[in-house]
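The opening position of the sequence shown corresponds to residue 885 in the working numbering, with each subsequent residue numbered one higher.
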Amino acid sequence: KTFLSYFFFKGIILEYVQGGEPKTRSIDLLDLRPDTDAIALVEEIRKGEPLITASCEEHIVHLVRRLQEKLGEKDHKFYLFKVLRAHILPLTNVAFNKSGSRFITGSYDRTCKVWDTESGEELRVLEGHGNVVYAIAFNNPYGDKIATGSFDKTCKLWSTETGKCYHTFRGHSAEIVCLSFNLQSTLVATGSMDTTAKLWDIEKGEEIVTLSGHSAEIITLSFNTTGERIITGSFDHTVTVWDVGTGRILHTLIGHRGEISSAQFNWDCSLIVTGSMDKTCMLWNAMTGTHIATLTGHGDEILDVCFDYAGQRIATASADG
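Put into structure tokens, the structure is as follows:
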């Protein structure tokens, strides 16, 4: 059994083949600091991780130290780096790969473009949709695939390097407005104005399950880091927690008095944060679905919410400026 290992922000990914099947395992390092003893940390990790043997321990230590270097870098001041005339019609979305070396843009011109961040060079154009390309994403942390969701009711899966379209996922009866890969890069989820979400198998190009239960459009969705749960937020004012393996509803989070705009798990999958057009943000227990707190203070609709990687802080973006 051999495996590849590489780091991402606040963790390490192990990628290996077992029984002919590719598998991945993530090791979270949420408490890692620049002054943490890397050797002692890896020795501690080895006690609970049989994949890390003595022969590869030195390599894992090297990855931890590289991650510490990234964590220790001082913040840089922001400045205008480049202005790209990317599309002939307005953009709908932008997304970076994990390393930041590439980014993609979606547009009303029915295309998605792949760009080199450093040079600003257009690397390729992903063409094939029959309407607005609205939702886009890399399969981070890998970044070798791109998903695009369109008002033409389809989602397409592409190769980042070649621009080849692997699959076109058909089945929604209305516009696709949100999508997300699971962290393991085995599934892509799509949310639609038809009130459903669908899970698709990336390798086979097949629909796995349709998540039905909302009474209005699904506008946001997100997997947890283990890939075992997914949440969907809807214009029906609710967020639903689903079991990925069965498609069964586990919890319905009820409390907002307006449309849901954003919903996200924290990194250890214990909490869910939701933002709404009712000007509030709510915090929920992900395991039980119980309401923990309501965060108020904005004077207008909340458009987006997110946790930091440690799960200790929440950022909210509002139309109040």
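Cβ coordinates follow ideal geometry from the N, Cα and C atoms, glycine included.
Cutoff 6 Å; reference residue i; Cβ partners in own chain excluding five residues on either side
i, result
"Asp1028", "Thr1044"
"His1013", "Arg994, Ser1034, Asp1036"
"Gln952", "Pro918"
"Glu1059", "Phe1035, Met1077"
"Thr1178", "Thr1164, Met1166"
"Pro974", "Tyr992"
"Val1189", "Ser1146, Val1157, Gly1159, Cys1165, Thr1200"
"Val1093", "Leu1083, Gly1131"
As assigned by DSSP and simplified to three states, the class of residue i
i, result
"His943", "helix"
"Ile1138", "coil"
"Lys1029", "strand"
"Arg1008", "strand"
"Val926", "helix"
"Gly932", "helix"
"Val967", "coil"
"Leu951", "helix"
"Ala1100", "coil"
"Ala1203", "coil"
"Ala1058", "coil"
"Ala1170", "coil"
"Ile1198", "strand"
"Leu1095", "strand"
In DSSP terms, what residue i is bridged to
i, result
"Ser1034", "Val1017"
"Ile1114", "Phe1107, Trp1126"
"Leu1063", "Thr1074"
"Gln1148", "Val1157"
"Phe980", "Phe987"
"Asp1085", "Leu1071, Glu1090"
"Ala938", "Paired residues: none, contrary to the question."
"His1051", "Leu1041"
"Phe1119", "Beta-bridge pairing links Phe1119 to no other residue."
Residue i versus residue j: straight-line alpha-carbon distance, rounded
i, j, result
"Lys1040", "Asp1085", "12 Å"
"Leu935", "Ala922", "18 Å"
"Asp1152", "Gly932", "17 Å"
"Gly1131", "Phe965", "44 Å"
"Thr908", "Met1166", "32 Å"
"His1121", "Pro1025", "31 Å"
"Ile896", "Ile944", "9 Å"
"Ile1138", "Gly1183", "22 Å"
"Ser1003", "Gly1142", "43 Å"
"Trp1168", "Asn1066", "21 Å"
"Glu942", "Ser983", "23 Å"
"Glu899", "Pro906", "7 Å"
"Thr1079", "Arg930", "45 Å"
"His1175", "Ile911", "29 Å"
"Met1161", "Ser1118", "11 Å"
"Asn1108", "His971", "33 Å"
Residue j beta carbon less than 9 Å from that of residue i
i, j, result
"Asn977", "Ala938", "no"
"Ser991", "Val1017", "yes"
"Glu1101", "Val1061", "yes"
"Gln1148", "Ser1106", "yes"
"Ile1186", "Ala1203", "yes"
"Val1125", "His1135", "yes"
"Leu1114", "Ser1154", "Correcting the residue type first, residue 1114 is Ile in the shown sequence and not Leu. Contact: no."
"His1051", "Gly1089", "yes"
Spatial neighbours of residue i in its chain, beta-carbon cut-off 7 Å, leaving aside the 5 residues before and after
i, result
"His960", "Note that His960 scores a pLDDT of 46, beneath 50, so its modelled location is shaky; the value from the coordinates is reported in the next line. Within the same chain, His960 has no close Cβ partners at all."
"Val1009", "Thr995, Lys997"
"Ile1133", "Gly1097, Thr1124, Trp1126"
"Gly1055", "Lys1082, Glu1091"
Same chain, Cβ closer than 8 Å to residue i, five either side skipped, listed in chain order
i, result
"Arg986", "Phe980, Val998, Trp999, Asp1000, Thr1001, Leu1007, Phe1022, Gly1027, Thr1044"
"Leu955", "Leu916, Arg917, Pro918"
"Thr1116", "Gly1075, Ala1081, Leu1095, His1098, Ile1102, Thr1104, Leu1105, Val1123, Thr1124, Trp1126, Ala1147"
"Gly1195", "Leu914, Asn1150, Trp1151, Asp1152, Ser1154, Leu1155"
"Thr1070", "Asp1085, Ile1086, Glu1087, Gly1111"
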